[in-house]
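Read the structure below first, then the notes.
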Amino acid sequence: MTAGEGPGSRRPVLATKKSKIFASIGVLLILVIASSFFIVKSVYKPTKLAENFILAVNNHDAKKVAHLLNSKQSDIKIDEKVAKQLIDYYQMNPSEFSELKNSLHEEAVIYEKGAFPERTDADISINKLGKKWLFFDYYALIPKNLYIVVTANHDSHIYIDGKKYEPIKKDEERTYGPFLPINHKVQAVYKGEYADVKQVEEVSPSDAEENKVYINFDLTGDYVYLYSNTVALH
């Protein structure tokens with residue numbers, strides 16, 4: 001040890017090295033946080049939401065479609081079976097799917113420019129719901145509601161897409177829904193004295209008036225003849 005050197009003379013050097021290490025760690029943390037922020041922000045972009053939905057439909061991914069459409073803001077509860085119906089509908093109607101893709105893309109771009117798009121008559125639209133974790137704008141896909149209004153000239157059991165719903169009384173008007181704005185099969189079943197009388201109608205969203213389609217079942221036109229040894233019944 002030379003003159004003037006002592007244990008205390010090394011402290012400034014060690015302190016400087018520690019400062020550089022802490023500074024490097026601090027810079028690294030800032031970079032990680034900043035990168036994470038932009039990554040998460042990109043995940044919640046409305047254009048990303050639209051792209052994910054379009055890709056899920058193209059890939060026939062019913063589980064993903066159901067997940068993307070199940071929002072707290074939507075009145076329609078969508079499971080994988082319902083999501084598959086939607087996918088099949090757009091596969092059978094490519095022009096409508098093309099219109100929807102264009103509409104979603106336009107809405108997403110407008111949102112990302114900081115503006116709000118005008119409300120459209122699209123089957124599915126993008127809505128801004130607020131903030132996620134205080135920092136990120138949160139968007140959701142909201143399908144348009146479709147209601148089916150049914151009347152019948154007999155007390156009837158009602159089935160929509162194979163699912164049983166509340167029955168209706170003769171000449172009663174009952175509204176069912178909401179459903180996705182796609183084609184739906186509606187069946188009315190009248191329990192006759194000797195046999196059931198059934199009628200099936202397929203409704204299309206293109207027939208809707210203010211989000212409602214109307215069906216009037218006439219269940220008196222079909223007769224079932226049953227023969228016994230003594231008398232014919234109808």
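In UniProt numbering, the protein residues as written are 1 to 234.
Yeah, the Cβ is synthetic: ideal placement off N, Cα and C, and Gly gets one too.
Computed from a prediction, not measured in an experiment: that's the story for all the values here.
Give the range of the beta strand (DSSP E) segment to which residue i is assigned.
i    : result
L146 : L146 to A152
E166 : K163 to I168
Y194 : Y194 -> no beta strand (DSSP E), and no H or E assigned at all.
D123 : First-last for D123: undefined, no H or E at that position.
I215 : K212 to F217
With a 10 Å radius around its C-beta and 16 neighbouring C-beta atoms as the bar for buried, classify residue i as buried or exposed.
i           : result
S206        : exposed
residue 235 : Residue 235 lies beyond the range of the chain shown here (1 to 234); nothing can be said about it.
D123        : buried
D61         : buried
Y194        : exposed
V65         : buried
S103        : buried
T16         : exposed
K113        : exposed
Verify whether the separation of the beta carbon atoms of residue i and residue j is less than 7 Å.
i    : j    : result
K164 : H154 : no
Y89  : P46  : no
V149 : T175 : yes
P178 : Y159 : no
I54  : K101 : yes
A115 : S71  : no
V57  : I87  : yes
L167 : H157 : Looking at the sequence shown, residue 167 is not Leu but Pro. Yes, the pair counts as a contact, with Cβ atoms nearer than the cut-off.
N145 : N211 : yes
E201 : I215 : yes
The alpha helix (DSSP H) spanning residue i covers which residue range?
i           : result
H67         : A62 to L69
F53         : P46 to N58
F179        : Run containing F179: none in the alpha helix (DSSP H); it sits in the beta strand (DSSP E), R174 to F179.
residue 251 : Shown here, the chain extends from 1 to 234; a query on residue 251 therefore has no answer.
Who does residue i pair with in a DSSP beta bridge?
i    : result
D137 : K131
H157 : V189
E202 : K185
I87  : DSSP output for I87 lists no bridge partner at all.
P143 : I124
E209 : K212
In terms of alpha-carbon separation, which member of the options lies closest to residue i?
i    : options                  : result
V186 : Y194, E193, H67 and K198 : K198
A50  : S125, I76 and K84        : S125
T220 : K128, N127 and V189      : V189
S204 : T151, N59 and N93        : N93
L129 : Q73, L68 and I215        : Q73
E209 : E106, D121 and S103      : D121
I182 : D75, V82 and N127        : V82
D75  : D196, L180 and D218      : L180
Y138 : L68, F217, T16 and K63   : L68
T151 : D218, E106 and N59       : D218
Q91  : F136, K131, H105 and N59 : N59
R119 : E106, E172 and E80       : E106
E80  : E99, K191 and K63        : K63
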